Every structure is written in structure tokens, then in C-alpha cells.
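Read through the structure below, which is laid out as C-alpha cells, and then see the notes.
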Amino acid sequence: MKKLKALMLVFAMVLGTFFFVSSKEIDAATDSRSGVYKASYTVNGKTTSEWCYLVKGKVQYGYNGFAQNENGWWYIEKGKVTFKKNDVIKGKVKGQDGWWFVKGSKVQFVNSVEKNSNGWWCIQNGKVNFNFNGLAKNSNGWWYCKGGKVDFNKKDVIKGTVNGTDGWWYVSGGKVQFVNSVEKNSNGWWCIQNGKVNFSFTGLAKNSNGYWYCKGGKVDFGFNGIASNEYGSWYCRGGKVDFSYNGNITFNGVKYNVVNGKASKAATISTGSTGNGGEGYVLNTNTMRFHYPSCRSCSEISKKNYSTSNKTRDELIKAGFTPCGNCRP
Ligand SMILES: [Zn+2]
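First residue of the sequence shown? That's -9 in this note's numbering, and the numbers climb one at a time after it.
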């Protein structure tokens, strides 16, 4: 019983303090003001200053919402500016209903992409634009928004303006990816350079699936032939470098010898060529063996010992070469 009484006493004291604070008066000079003001009050000889929302000098402890002063628009929590609120909040600001971007309890009239518990939103001049479909920026990057909301599932190549540049941009996970790759949209597969389709690119471009022949920035799946990049010339089949190919290819009137997809202009040995039906042989001038171009050993021949010939089998044997025991030419 004693314990209960003591508890009730403490409770009454807490309640008393609460009433004292909540019914405190702002100093007389500000008494009639309405708006967001810094209010000073003294409790137990200790003066505290807080930014509060006042109506006719009274702090509106029951108020949650937006209010204005000469410094801007503020989100009020239980009558006070906490300066800690970061959110996208529904309410009325500048006479407009909407969802507003609040940082440090202040409405930020900026363009950005900001989050609340429902997702990330395209903010335009402080407010969510629910009609916005496209690319919007924040400090983390550029994001694809649909109906004003970031769509983190978006994977596409889409038209838009990024960092002031119009173009078609590669979006993955809802975010513009500033990478070099080959990526698709409903119109095809595209050569992406630093995030953007390069429509003037013709050549080989790479993605995780391989190297692709692009013409005007677009993968040409109908391309069969030789294309070059900084690593050399390569045989493409169906628009893709075919690293499994070994053989001879004539492309644009030039004959190439292809080893594991890599093409080099077919050479002839100094004794001249009588031809062997266009198949050709690969020579190892060190071991003095000759191979079919499709032989696995061809890729192991060092550059200085590697040569090709259009001579016949008999001619090569006469010239001192031995047929390879694996490919048996
Ligand atoms: Zn061989």
C-alpha cells in the first residue's frame, strides 16, 4: 500500500510537470503571434528555447503538419520543429496538397529522388510528381520512375535525358548503369558506351555473353564475317564472335585463317602456292609439322613459329614438313 502511494505521488509529479510545460506561456511580446517561432520558457530556473508552431501565442501541441515562417516551410511534430525529420510526407504546402520532401524537418524545394516508407519518389520542386515517367536524379544516380515512383525492377534501354545529354540509356535495377555493354530493349540489342547507346558505333562490343558485331550501334545478328577490335580480327557467326571456329574464311575478297575465332590474313610460304582446294594448312616452322586449321594444336603454336600454306599435302611433305599425328592431314 505504501508502495502504491509512493508510485501515485511520482505519477502526480510527472503529470504536474507535463501540465506545467504544456500550458506554459510564451513571453508576452510574442503572445499574439501565429506561425513558427522560437519560444523561450523557463522551467525550474532553466531557460529553454524551441521552435514551435503557435496560434495566438499558444504552442499547438496537438498539431502535426506543415507550417511556414520567413525561413521556409517546416514539418511540425506535436507542435514543435524537431529538425530531425527526414521523410516524404503528405500535407499542404504553399496552398498545394501533395507529398513533400522534408529534410531536417524543412521542406526542400528541390528536384531529387527521395524515400519514405512506401518507396522512392521523384521529387520536383519539393513535391512528388505522380505523373512523371522517366529518369530522375539524386546523389546516388539516375533512376527510372513510373508514376513518380522508382521502379527497381526496370531493366531496359530507354530514351531520356541524363546529365544534360539526350539519348537512349541502359537501366538495370531501376538505375542508369554507366557501363560498356550490349543490352536489349524491345527494338533489339544495342552497343552501350558509358551507359548510352552509341548509334555511330560499328564494330565489336562486349557483354557477359560474348562479343557482338554492331552496326550503327545495333547488334547485327545476320552478320557472318570478319570484324576487328583492339585485340585483333575475329570471325563472327550470326553477329557473335565464334571462339570455337577454326578454318579458312574469305571475307570481302580477303582470305583469312581462323584459329579459335581469331582471324589472320592467310599467308603463303615463300616457295609459292599451287592451292589445295582452299582448305589450307597450318604450319609449325619449329617442329616442321603441318595441321588442319581445326586442329587443337594450332592454338598452341607460338606466333614466331606459326604460318599457313595453300600447298598440297604432298608438296608440304616434299618441303620437309610432317603431317600432325593428331589431326592427320
Ligand atoms: Zn594437328
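Think of the CB as a built atom: it goes at the ideal place given N, C-alpha and C, for glycine as much as any other residue. Computed from a predicted model, the values in this text were never measured in an experiment.
Verify whether the separation of the beta carbon atoms of residue i and residue j is less than 8 angstroms.
{"i": "K96", "j": "N76", "result": "no"}
{"i": "G215", "j": "P283", "result": "no"}
{"i": "V49", "j": "W89", "result": "no"}
{"i": "V103", "j": "N128", "result": "yes"}
{"i": "G47", "j": "S22", "result": "yes"}
{"i": "M197", "j": "S176", "result": "This sequence places Asn at residue 197; Met is not what is there. Contact: no."}
{"i": "T273", "j": "T240", "result": "With the sequence shown as reference, residue 273 is identified as Leu, and Thr is not the correct amino acid for it. For L273 and T240, no; Cβs fall outside 8 angstroms."}
{"i": "F73", "j": "W63", "result": "no"}
{"i": "W158", "j": "V152", "result": "no"}
{"i": "G163", "j": "F189", "result": "no"}
{"i": "W110", "j": "K139", "result": "yes"}
{"i": "V161", "j": "I182", "result": "no"}
{"i": "G207", "j": "F191", "result": "yes"}
{"i": "N54", "j": "E67", "result": "yes"}
{"i": "G69", "j": "Y43", "result": "yes"}
{"i": "Y203", "j": "F213", "result": "yes"}
{"i": "D210", "j": "G185", "result": "no"}
{"i": "Y225", "j": "A256", "result": "no"}
{"i": "N101", "j": "I113", "result": "yes"}
{"i": "V249", "j": "L194", "result": "no"}
{"i": "G270", "j": "N300", "result": "yes"}
Taking residue i as part of the alpha helix (DSSP H), name the residues at either end of that continuous run.
{"i": "E305", "result": "303 to 308"}
The beta strand (DSSP E) spanning residue i covers which residue range?
{"i": "Y296", "result": "296 to 299"}
{"i": "S102", "result": "102 to 106"}
{"i": "A195", "result": "193 to 197"}
{"i": "C288", "result": "Element bounds for C288: n/a, residue is neither H nor E."}
{"i": "C317", "result": "Segment: none, C317 is in no beta strand (DSSP E) and carries neither H nor E."}
{"i": "F213", "result": "That residue, F213, is in no beta strand (DSSP E); it is neither H nor E in DSSP."}
{"i": "R279", "result": "279 to 281"}
{"i": "S171", "result": "171 to 175"}
{"i": "V71", "result": "Unbroken run through V71: none, as it is neither H nor E."}
{"i": "G157", "result": "155 to 162"}
{"i": "F99", "result": "Counting along the chain, F99 falls outside any beta strand (DSSP E), and DSSP gives it neither H nor E."}
{"i": "Q58", "result": "55 to 59"}
{"i": "N247", "result": "244 to 249"}
{"i": "G178", "result": "178 to 183"}
{"i": "Y65", "result": "62 to 66"}
For residue i, does the three-state DSSP call read helix, strand or coil?
{"i": "R227", "result": "strand"}
{"i": "F311", "result": "coil"}
{"i": "N255", "result": "Note on identity: in this sequence residue 255 is Lys, with Asn being the wrong assignment. Reduced to three states, the DSSP call for K255 is strand."}
{"i": "S234", "result": "coil"}
{"i": "K145", "result": "coil"}
{"i": "G262", "result": "Residue confidence is low: G262 scores 39 on pLDDT, short of 50, so the model does not pin down where it sits. Its coordinate-derived value is still stated next. Of the three classes helix, strand and coil, the one that applies to G262 here is coil, per DSSP."}
{"i": "K84", "result": "coil"}
{"i": "K139", "result": "strand"}
{"i": "K165", "result": "strand"}
{"i": "K48", "result": "strand"}
{"i": "G267", "result": "At G267, the pLDDT of 45 sits below 50, so the modelled position is not reliable; the number obtained from the coordinates is stated separately. Correct three-state label for G267: coil."}
{"i": "A19", "result": "With a pLDDT of 48 at A19, under the threshold of 50, the predicted position of this residue should be treated as unreliable, though the coordinate-derived value follows. If DSSP states are grouped into helix, strand and coil, A19 belongs with the helices."}
What does DSSP give as the partner residues of residue i in its beta bridges?
{"i": "Y134", "result": "L125"}
{"i": "V78", "result": "F91"}
{"i": "E40", "result": "A29"}
{"i": "Y203", "result": "L194"}
{"i": "G109", "result": "N106"}
{"i": "N115", "result": "Bridge partners of N115: none, in fact."}
{"i": "K186", "result": "W159, Q183"}
Spell out whether any CB of chain B is found under 8 angstroms from the CB atom of residue i.
{"i": "F191", "result": "Here chain B cannot be found, since the structure has a single protein chain."}
Among all residues, which have a Cβ less than 6 angstroms from at least one non-hydrogen atom of ligand 3, and in what chain order do they fall?
-> In the structure shown, ligand 3 is absent; the only ligands present are ligand 1.
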